[in-house]
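**Student:**
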Amino acid sequence: MAKTQSIPLNHQAVAKLDGSSPIPLSTYMRIYKKGDIVDIKGTGTIQKGMPHKCYHGKTGRVYNVTQHAVGIIVNKQVKGKILAKRINVRIEHVKHSKSRDSFLKRVRENESKKLEAKQKSSWVELKRQPAPPREAHFVSTKKNEPQLLEPIPYEFMA
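Sequential numbering of the sequence shown, starting at 1, is according to the UniProt record's numbering.
(1) DSSP three-state call for L83: helix, strand or coil?
(2) With a floor of 4 residues, list each alpha helix (DSSP H) that falls wholly inside the stretch 34–108, ordered by position along the chain.
(3) For P22, count the other beta carbons within 10 Å of its own beta carbon; 16 or more makes it buried, fewer makes it exposed. Which is it?
(4) How should V38 be labelled, buried or exposed, when 16 other C-beta atoms within 10 angstroms of its C-beta is the threshold for buried?
(5) In the DSSP assignment, the alpha helix (DSSP H) including Y154 goes from what residue to what residue?
(6) Less than 8 Å between the beta carbons of P51 and G42, yes or no?
(7) If we ignore side chains and look at the alpha-carbon of each, how far apart do S112 and P130 end up?
(8) Between the Cα of G71 and the Cα atoms of K33, N110 and H137, which residue gives the shortest distance?
(9) What number of angstroms, rounded off, separates the C-alpha of P132 from the C-alpha of T66?
(10) Who are the Cβ neighbours of V124 in its own chain at under 8 Å, not counting the five residues just before and after it?
(11) Would DSSP call Q147 helix, strand or coil?
(12) How long is the line joining the alpha carbons of S121 and R106, rounded to whole angstroms?
(13) If you count every other CB in all the chains shown that lies within 10 Å of the CB of V62, and 16 or more means buried, which is it?
(14) Count the other CB atoms within 10 Å of the CB of H93; is the residue buried (16 or more) or exposed (fewer)?
(15) With Y28 as the anchor, note down where its alpha helix (DSSP H) starts and where it stops.
(16) Three-state secondary structure (DSSP) at E135?
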């Protein structure tokens with residue numbers, strides 16, 4: 001089998017470099033702090049500071065912030081191991097992750113539930129419960145006759 005060369009990310013994430021697809025200024029207005037969880041997404045219009053293609057779509061934690069870039073700790077699988085890699089990426093290729101929003105919302109709800117329960121001096125269940133099974137019901141067979149399902153017998157074609 002012939003070994004084929006892989007395509008660099010700046011060719012995969014192709015964008016016109018003639019200025020017809022400018023980056024919104026809000027990209028540069030975002031504030032990144034140490035400990036923030038961010039998503040890495042290579043933007044084709046800016047090739048400077050672009051992450052390697054193996055980090056495209058990954059989520060990591062910010063450990064360093066500079067004027068135009070951020071340092072991110074990302075997990076990368078290398079053979080049988082998962083290594084915590086430190087990479088530097090320009091802020092055009094990074095955005096805040098929404099993966100933690102639902103958890104933080106649940107924490108706020110739990111805190112309010114605990115406060116209400118404390119005021120009423122009662123106990124409240126904070127654990128998430130799986131969806132219960134459906135209620136018992138009858139299935140009408142008026143327009144839905146039962147069907148017999150069986151495999152088709154094998155016929156040898158000689």
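A virtual CB, placed ideally from N, CA and C, is assigned to each residue, including glycine. Computed from a prediction, not measured in an experiment: that's the story for all the values here.
**Tutor:** To lay it out plainly:
(1) To locate residue 83, count along the sequence shown from 1; it is residue 83. Note: L83 maps to strand in three-state DSSP.
(2) none
(3) One-based indexing of the sequence shown puts residue 22 at position 22. Exposed.
(4) As a position in the sequence shown, residue 38 is number 38, starting the count at 1. With 16 or more Cβ atoms within 10 Å of its Cβ, V38 is classed as buried.
(5) Here the question's residue 154 lines up with position 154 in the sequence shown. Looking at the DSSP string, Y154 is not in any alpha helix (DSSP H), and its letter there is neither H nor E.
(6) As a position in the sequence shown, residue 51 is number 51, starting the count at 1. As a position in the sequence shown, residue 42 is number 42, starting the count at 1. G42 is positioned such that its CB atom lies closer than 8 Å to that of P51.
(7) For the purposes of this step, residue 112 is taken as the residue at position 112 of the sequence shown. For the purposes of this step, residue 130 is taken as the residue at position 130 of the sequence shown. Near 22 Å, if we compare the C-alpha coordinates of P130 and S112.
(8) Along the sequence shown, one-based indexing puts residue 71 at 71. Checking every option, the nearest Cα to that of G71 belongs to K33.
(9) For the purposes of this step, residue 132 is identified with residue 132 of the sequence shown, where counting begins at 1. For the purposes of this step, residue 66 is identified with residue 66 of the sequence shown, where counting begins at 1. Straight-line Cα distance between these residues: approximately 50 Å.
(10) Here residue 124 corresponds to residue number 124 of the sequence shown, with the count starting at 1. Closer than 8 Å at the Cβ level, and outside the excluded window around V124, lie K113, K114, E116 and A117.
(11) The sequence position of residue 147 within the sequence shown is 147, counting from 1. Q147: coil per DSSP, three-state reduction.
(12) Reading the sequence shown from its first residue, position 121 is the one you call residue 121. Reading the sequence shown from its first residue, position 106 is the one you call residue 106. Whole-angstrom Cα-Cα distance: 22 Å.
(13) To locate residue 62, count along the sequence shown from 1; it is residue 62. Under this definition V62 is a buried residue.
(14) Within the sequence shown, numbered from 1, the residue matching residue 93 stands at position 93. Answer is buried; the Cβ neighbour count reaches 16.
(15) Numbered from 1 along the sequence shown, position 28 holds the residue referred to as residue 28. S26 to M29 is the extent of the alpha helix (DSSP H) around Y28.
(16) If you number the sequence shown from 1, residue 135 lands on position 135. It is coil, neither helix nor strand.
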